[in-house]
Each structure stands twice: as C-alpha cells, then as structure tokens.
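Visitor: My questions all concern the structure below.
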Amino acid sequence: MAIVKKSSEVTVSDGTVAVGGWVQDIRNLGGISFITMRDRCGTYQVTMPKKKIDPELFSMLTGLSRETVVRIEGEVKESNQTATGWEIIPSAAEVISPAGVPLPLGVVDKVNVEMDTRLNHRFMDVRKPEVKAIFELKSLMVDLIEEAVREMGFTRVYTPKIGAAGAEGGAELFKVQYFDRPAYLAQSPQLYKQILMSSGLDQVYEIGPAFRAEQSNTNRHVTEFISFDGEMSWISCQEDVMRAIEQVVDHVLTGLKERGARQLEVIGKEINVPARPYPILTYSECLAIVQAAGLLLKEGDDLGTEGEKIVGEHMAGKGCDLYFIAEYPEEAKPFYIMEKDGTPYSFSFDLDFKGQEISSGGQREHRYDRLVERMQKKGLDPEDFEFYLEAFKYGMPPHGGWGIGIERMLVKALDLPNIREAILFPRDPARLSP
Ligand code: AMO
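Here's what the structure looks like:
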C-alpha cells in the first residue's frame, strides 16, 4: 500500500489507510495511548486502545522515540476528540528512520532556544509549523512577485554571479579565485541589468542571490540575500519606477494576506496592505524629522538605522507603513544614479517599510560622458568598467530600476525580529555552515 503523504488526503471511511510522518509526541495513559503524528499538512492522532491492538505493535509504537519517521497502516475513524475530526487505529507499522535521543532541538517544547542553536540544527527547527510557515510564505512571495512583473510585461533574466567588477562599492566585495585571476561575487545585478537596457529588452527582472562582504552583525544584514531587481527603459522620471515597485509590493502583500491565510494563522500574524500611492518624503524632510528627534545628523549623512527608525515612527504616527524617501544627496549614492542638476541631490530613492529600508533605486545616468564623469568623481577607473560603458556608447535609452531585499520585505511584512528568521541557512560574518 502506498504511503499517503498528506494527512489531508486521509478521508474518513471504513477503509484502511497508510500514512507516513514524524512521531511528534506519545502519551501513555495505561489502557490507551496516543501518538501525535506530523506531516507537511499538520498533525493528526493515532489512537491505541491497549486491548484492541496487537501487543507487539502496541509496545513497538509506544516505545518509539520522538521524531522517528514511521509508516502506519490502520483504520480511520471519525472522532470528536481530535482537532482533525478523525483518528487512526493502527493495525501495522514500520519504522522507516529512527530518531536519536536526545534531540538536538525540541520541536514542540515551549522553551526559548538561542537563534544559533536553531540555525545549527535548522532541519529540526523547520519542523516547527510556525517556522515552516515562514518559508512557505517566502515561496508564495516569490510567486507573487513573478505574477506581478509578468503582468507588467517584464522579462525574467539571469545575470552572472561571478565577475570582474563590483557595482556597489569595493569594500563589500567577496574576492574569489577564478582559475589564475581574481574575481568577485556579485553584489547585485546592477551593471548587467543596465547593459540590458541597451539591448532592447526594455523591462527586465531578476530574483537571485546577492553577496555583500559586510562586517555587520545586525538583525537586518546578512552576507548573502535574495535580491529582486527590476530595470525599465523609457521612463520619464524616477516616479515611474516608484509606481512600478508599488504595484509589485501591493500585489505581494495582498496575495500573502489572501493566499497565505493558513500560514499566517499558524504564525499568528496579520498582513496590513497599505493604501496606494505610498507617500514620498524627500531626504531633506527626513533629515529635519530626525534632527527634530534629537539625532545629530548633518546634510549629506546617511540616515542610518537609527534615522530610519525615527522616520518610521513618524510615519507610523500618520498611519503609513510604506513610504519612499527620495532625492538623496548625489554624494551618498552610487555612480550609476543620475544627478539632479543644479542641486546637491540625485534622482534616487529608498522604499522603507516600518522604519527599515527594503529597497533602493532611482533613475540612472544614461548619458555616456556624464556617466564617466560620475565614475571619476567617485574615484573609480572607467577602464575597469569597459564592458558596461560600451553599452552606453551605442544608443542607451533613459532608464531606472530598483533592488529589493526579499528577506527584508518578508521580515517587515510579518514583523519578524531578525532577518535570519527569513533565511533557511543564513550567511553572516560568523556563520558559513550549515
Ligand atoms: P542596495 O545596496 O541598497 O541597492 O540593495 C538593495 C536592497 O537589498 C537589500 N540588502 C540587504 N539585505 C540583507 N542583507 C544585506 N547585507 C543587504 N544589503 C542590501 C536591502 C536593500 O534595500 N543596485 C542597487 C539597487 C538599484 O538601484 O537597482 C542596490 O543593490 O533590502
């Protein structure tokens, strides 16, 4: 008999079924014993009245260690004592894979376990329904992103993750040995997605890993994250880009709320879908808010974690979870961002979600000479970027785009305390395994 993988597939009938799963818990009450079994759909009960079960089977099942994987055959009976409305009375069982004792981590014990311990034994941690639900929602989130951008006419692309140059600043590059020469892990698809704007693909997106050699041990930085990048041609201003992101983020939040309802219930969270359009604050307005709150920042300074938090509180007071911060000083933004001529600012923006940056983007400098000038101003050697610059020499339309850290977005949507909660096997300066 085939193993029925999903407990939801067990239909109440007089027939016999076979189920496979993990032994989550066993309770022995003398004359009757119960096993709580778990599979991807949840938990269900195996009920063993001592007198009605073969003694050998009874002693085998009641002696199992927690988290052992078993296959159980039995009769399904309706029950008003169980959460599912049915229970299984076993007639045969087979241990498929026994679990050692003690477990490295409890699945049901309500004790606070350190994040490090959980991550060291992540396979066991993910057995907890409330942890598994986060990754089901993350998967749904990627589906929703793809649905939204496809609807908007974007083409999915893949760009290299090993290359000769970085785009987001030298200090954050991971150097790797590429045969006889050095290479770097991609910090973002920035250079390639822009090159593609001169290919005529017009609107492209990529969802893939990005690597940052940042020595930051915070609850929002990791050294490898999944970046959702978009780039679009023929924009008339950076607001065209903002409205595009907004459309995607709105589709994601609405979809999580509707299609992720079961998982949201498991983790006890609700999703708020903010009204559109999301408000746009300028960098200067944010600086004033932050300074009024007593943070000593001056014109040109990065708002930083603390500044973002203060602006987040200010916006929460107005009932706004999601808002753009636009027109950063050009000095604070990378070479590929377009300057706002006659001002110290640039056509750039961040999207912040409850006091934390989840995306940045802007209008790009598409004019070759101005781009080279900007590189030089930032102390970069244009010769190192020849492959990129070439695309600007033979017809490059105006364009702009964004990068969203999908884990940051999920963390904020679900109010998770740490970005590591949204990554199965996170990488940070201290963690390279598992
Ligand atoms: P930026 O460097 O701001 O911009 O990155 C874009 C988004 O990526 C996420 N992110 C991170 N997430 C987790 N850990 C990190 N260490 C980390 N660093 C960045 C954030 C951030 O908003 N090329 C530009 C985007 C563009 O202009 O298109 C870029 O990479 O959510």
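Counting in my numbering, the sequence shown runs from 315 upward without gaps.
Think of the CB as a built atom: it goes at the ideal place given N, C-alpha and C, for glycine as much as any other residue.
Predicted, not measured: the structure shown is a model, and the values here were computed from it.
1) Within 8 Å, do at least three Cβ pairs link the segment 431-445 to the segment 467-486?
2) Would you call A744 buried or exposed, if buried means 16 or more other Cβ atoms sit within 10 Å of its Cβ?
3) Output yes or no for whether 8 Å exceeds the beta carbon distance between F667 and M723.
4) Helix, strand or coil for L619, going by three-state DSSP, please let me know.
5) Are the Cβ atoms of V440 and I410 separated by less than 8 Å?
6) Which partner residues of G522 appear in the DSSP bridge assignment?
7) Buried or exposed for R678, please, with buried defined as at least 16 other CB atoms from any protein chain shown within 10 angstroms of its CB.
8) Count the other CB atoms, across all protein chains shown, that sit within 10 Å of the CB of F525; report buried if there are 16 or more and exposed otherwise.
9) Relative to the C-alpha of L417, which residue among R432, Q529, A406, E560 is closest?
10) I'd like to know if the segment 566-584 and the segment 539-555 are in contact, where contact means that at least 3 CB-CB pairs between them fall below 8 Å.
11) Tell me, please, which residues DSSP counts as bridged to G796.
12) Note down the Cα distance separating V415 from V425, rounded to an integer number of angstroms.
13) Excluding five sequence neighbours on each side, which residues of the same chain lie with their C-beta closer than 8 Å to the C-beta of L567?
14) Using 8 Å as the cut-off, can you tell me whether the segment 686-696 makes contact with the segment 523-538, which would need three or more C-beta pairs spanning the two stretches below that distance?
15) Following the continuous beta strand (DSSP E) through T350, name the residue where it begins and the one where it ends.
16) Indicate whether E751 and Q359 have their beta-carbon atoms separated by less than 8 Å.
17) Can you say whether M315 is buried or exposed, counting buried as having 16 or more other CB atoms within 10 angstroms of its CB?
18) Is R557 near the ligand AMO, going by C-beta to nearest heavy atom under 7 Å?
19) Provide the residue span of the alpha helix (DSSP H) that contains H290, from first to last.
20) Can you name, in chain order, every residue of its own chain whose Cβ lies under 7 Å from the Cβ of A284, other than the five neighbours on each side?
21) Quick check: the segment 529-546 against the segment 555-565, are at least 3 beta-carbon pairs closer than 8 Å?
22) Taking Cβ to Cβ, would you say S674 is nearer than 8 Å to G717?
23) Mapping the DSSP letters down to three states, classify A316 as helix, strand or coil.
24) Using CA coordinates, which residue listed in Y650, V463, R557 is at the minimum distance from P593?
25) Do Y506 and F749 come within 8 Å of each other at the CB atom, strictly closer than that value?
26) Please confirm whether I403 and T361 have their CB atoms less than 8 Å apart.
27) Could you spell out the range, first to last residue, of the beta strand (DSSP E) harbouring E462?
28) For G335, I'd like the list of residues in its chain whose CB is within less than 6 Å of its CB, leaving aside the five on either flank, ordered along the chain.
29) My assumption, with CB atoms under 8 Å, is that G388 sits in contact with V331. Please give the rounded CB distance.
30) Could you pull out every unbroken alpha helix (DSSP H) segment of at least 4 residues lying fully inside the segment 578-647, listed in chain order?
31) Please state whether the Cβ-Cβ distance between S512 and Y702 is less than 8 Å.
32) Is the beta carbon of P658 less than 8 Å from the beta carbon of E671?
33) Looking at C-alpha atoms only, which residue of P369, E450, R741, P648 is the closest neighbour of G569?
34) Just the C-alpha distance for I376 and F739, rounded to the nearest angstrom, thanks.
Guide: This is what the structure gives:
1) no
2) As a first step, residue 744 must be located in the sequence shown, where it is residue number 430. Exposed, because fewer than 16 other Cβ atoms sit within 10 Å of the Cβ of A744.
3) Stepping through the sequence shown from its first residue, residue 667 is reached at position 353. Stepping through the sequence shown from its first residue, residue 723 is reached at position 409. Yes, these two residues count as a Cβ contact at 8 Å.
4) Numbered from 1 along the sequence shown, position 305 holds the residue referred to as residue 619. Going by the sequence as given, residue 619 is Thr instead of Leu. Looking at T619 - three-state DSSP - the assignment turns out to be helix.
5) Within the sequence shown, the letter at position 126 stands for residue 440. Within the sequence shown, the letter at position 96 stands for residue 410. No, they are not a contact pair.
6) On the sequence shown, position 208 is the one that residue 522 refers to. According to DSSP, G522 bridges with S541.
7) Taking the sequence shown and counting its residues from 1, the one referred to as residue 678 is at position 364. In summary, R678 is buried, with 16 or more beta-carbon neighbours lying within 10 Å of its beta-carbon over all protein chains present.
8) Taking the first residue of the sequence shown as position 1, residue 525 is located at position 211. With 16 or more other Cβ atoms within 10 Å, it is buried.
9) As a working mapping, residue 417 is identified with position 103 in the sequence shown. When each option's Cα is compared against that of L417, the closest is R432.
10) The count of Cβ pairs closer than 8 Å, one atom from the segment 566-584 and one from the segment 539-555, stays below three, leaving the stretches out of contact.
11) Any property of residue 796 remains undetermined from this structure, which presents the chain solely from 315 to 748.
12) Walking along the sequence shown from the start, residue 415 turns up at place 101. Walking along the sequence shown from the start, residue 425 turns up at place 111. Cα to Cα, V415 sits roughly 18 Å from V425.
13) Sequence index remark: in the sequence shown, residue 567 carries index 253 (1-based). Excluding residues within five positions, the ones whose Cβ falls inside 8 Å are I585, N586, V587, P588, A727.
14) no
15) The residue labelled residue 350 in the question sits at position 36 within the sequence shown. Its beta strand (DSSP E) spans residues 346-353.
16) With the chain covering only 315 through 748, there is no way to say anything about residue 751.
17) As a working note, residue 315 is residue 1 in the sequence shown. Any reading at M315 must be qualified, since the residue scores a pLDDT of 39, below 50, and its modelled position is unreliable; no value is offered.
18) Counting from one through the sequence shown, the residue named residue 557 turns up at place 243. Result no, Cβ not under 7 Å from the ligand AMO.
19) As shown, the chain starts at 315 and ends at 748. That puts residue 290 outside it, with no answer to give.
20) Any question about residue 284 goes unanswered here, given that the chain covers just 315 to 748.
21) yes
22) Looking up residue 674 in the sequence shown gives position 360. Looking up residue 717 in the sequence shown gives position 403. Yes; because the gap between Cβ atoms is below 8 Å, this pair is in contact.
23) Working through the sequence shown from its first residue, we reach residue 316 at position 2. Legend: pLDDT at A316 = 42, less than 50; position of this residue unreliable, value from coordinates given subsequently. Three-state DSSP puts A316 in coil, outside helix and strand.
24) As a working note, residue 593 is residue 279 in the sequence shown. Considering only alpha carbons, the answer is R557.
25) Residue numbering for the chain in the displayed model covers 315 to 748; residue 749 lies beyond these limits and cannot be assessed.
26) As a working note, residue 403 is residue 89 in the sequence shown. As a working note, residue 361 is residue 47 in the sequence shown. Against a cut-off of 8 Å, the Cβ pair of T361 and I403 comes out as a contact.
27) Taking the first residue of the sequence shown as position 1, residue 462 is located at position 148. Rather than Glu, the amino acid found at residue 462 in this sequence is Ala. From DSSP, A462 is part of no beta strand (DSSP E) but of the alpha helix (DSSP H) over 443-465.
28) As a first step, residue 335 is located in the sequence shown; it is residue number 21 there, counting from the start. Result list for G335: M351, R352, D353, in chain order.
29) Here residue 388 is taken as the residue at index 74 of the sequence shown, counted from 1. Here residue 331 is taken as the residue at index 17 of the sequence shown, counted from 1. Taking a contact as a CB-CB distance under 8 Å, the pair G388 and V331 counts as one, their CB atoms being some 7 Å apart.
30) As for any alpha helix (DSSP H) of minimum length 4 sitting wholly inside the segment 578-647, the runs are 597-606, 618-631, ordered along the chain.
31) Numbered from its first residue, the sequence shown carries residue 512 at position 198. Numbered from its first residue, the sequence shown carries residue 702 at position 388. No, the Cβ-Cβ distance between S512 and Y702 is not below 8 Å.
32) Taking the first residue of the sequence shown as position 1, residue 658 is located at position 344. Taking the first residue of the sequence shown as position 1, residue 671 is located at position 357. No, the Cβ-Cβ distance between P658 and E671 is not below 8 Å.
33) As a position in the sequence shown, residue 569 is number 255, starting the count at 1. For G569, the nearest C-alpha among the options comes from E450.
34) Numbered from its first residue, the sequence shown carries residue 376 at position 62. Numbered from its first residue, the sequence shown carries residue 739 at position 425. A small correction: the amino acid at residue 376 is Thr; Ile does not occupy that position in the sequence shown. For T376 and F739, the distance between alpha carbons rounds to 34 Å.
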